[in-house]
Amino acid sequence: MSTHTVRPLFLMLLFGTLLLGCAGTSSDGAKAGPKKLRKNVVVQINQFHVRPEVVRVPAAGNSVAWTNWSESIASVSFPASVVQSFTCSEMRPDFVVNGDRLESIVALGSNEDLVTPCPLKPGTYEYEVGLFNSMGNRYNPRVTFKGKIEVVE
């Protein structure tokens, strides 16, 4: 055989092998099993939003951490009723109940982080992030935005 006939034959054989190898795969993930939830999730605070806005964690041993990448000081708060949904009774050192809010004691500066005090029980919990320019403006944030934590069985 000459090289002029071997090369096209080789390329057709290679293409056929690749085609057969890809025939059983699905790009839509239909054959993939259920996605495993991560126990520990990091939420990034940016200038005008959090990413991801909704986090899903399993009930057993979960924790959520917020890291501040905005140019402002940030605080995280929940409705005070969320205290009953934690698996521990003590919210300190990072959170405290203040009136109708459970709020972070530590105001996050640039590239600092904050973590939930202990795992949350199954349920859906909304929280609010406030951004402010100085500690004196903590209760008068220049911008606020919401996020959500979904704890599943």
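Going by my numbering, 27 is the number at position 26 of the sequence shown; the sequence numbering is gapless. Built from N, CA and C at the ideal position, the CB exists for glycine as well. The structure displayed is predicted, hence computed values, not measured ones.
Decide yes or no for the touch test of the segment 82–89 against the segment 104–115: beta carbon pairs closer than 8 Å, at least 3 of them. Contact between the segment 82–89 and the segment 104–115 is absent, because fewer than three Cβ pairs lie under 8 Å.
- Distance, Leu38 Cα to Glu154 Cα: In the sequence shown, residue 154 corresponds to position 153, counting from 1. In the sequence shown, residue 38 corresponds to position 37, counting from 1. Linking Glu154 to Leu38 through their CA atoms gives a straight-line distance of about 10 Å.
Item to complete: Starting from the C-beta of Asp101, find all residues in its chain whose C-beta is less than 8 Å away, skip the five residues before and the five after it, and write them out in chain order.
Response: What you label residue 101 is simply residue 100 of the sequence shown in a count that begins at 1. Cβ within range, chain order: Pro80, Ala81.
Find the nearest neighbour of Met136 within the set Ala75, Thr145, Ala61, judged by alpha-carbon distance.
-> Against the sequence shown, residue 136 aligns to sequence position 135. Selected option, being the one with the closest Cα: Ala75.
### Coil, strand or helix - Val83 by DSSP
One-based indexing of the sequence shown puts residue 83 at position 82. Correct three-state label for Val83: helix.
- [ ] With a cut-off of 8 Å on the beta carbons, I'd call Val130 and Val77 a contact; round off their distance for me.
- [x] Against the sequence shown, residue 130 aligns to sequence position 129. Against the sequence shown, residue 77 aligns to sequence position 76. Right, their Cβ atoms sit about 6 Å apart.
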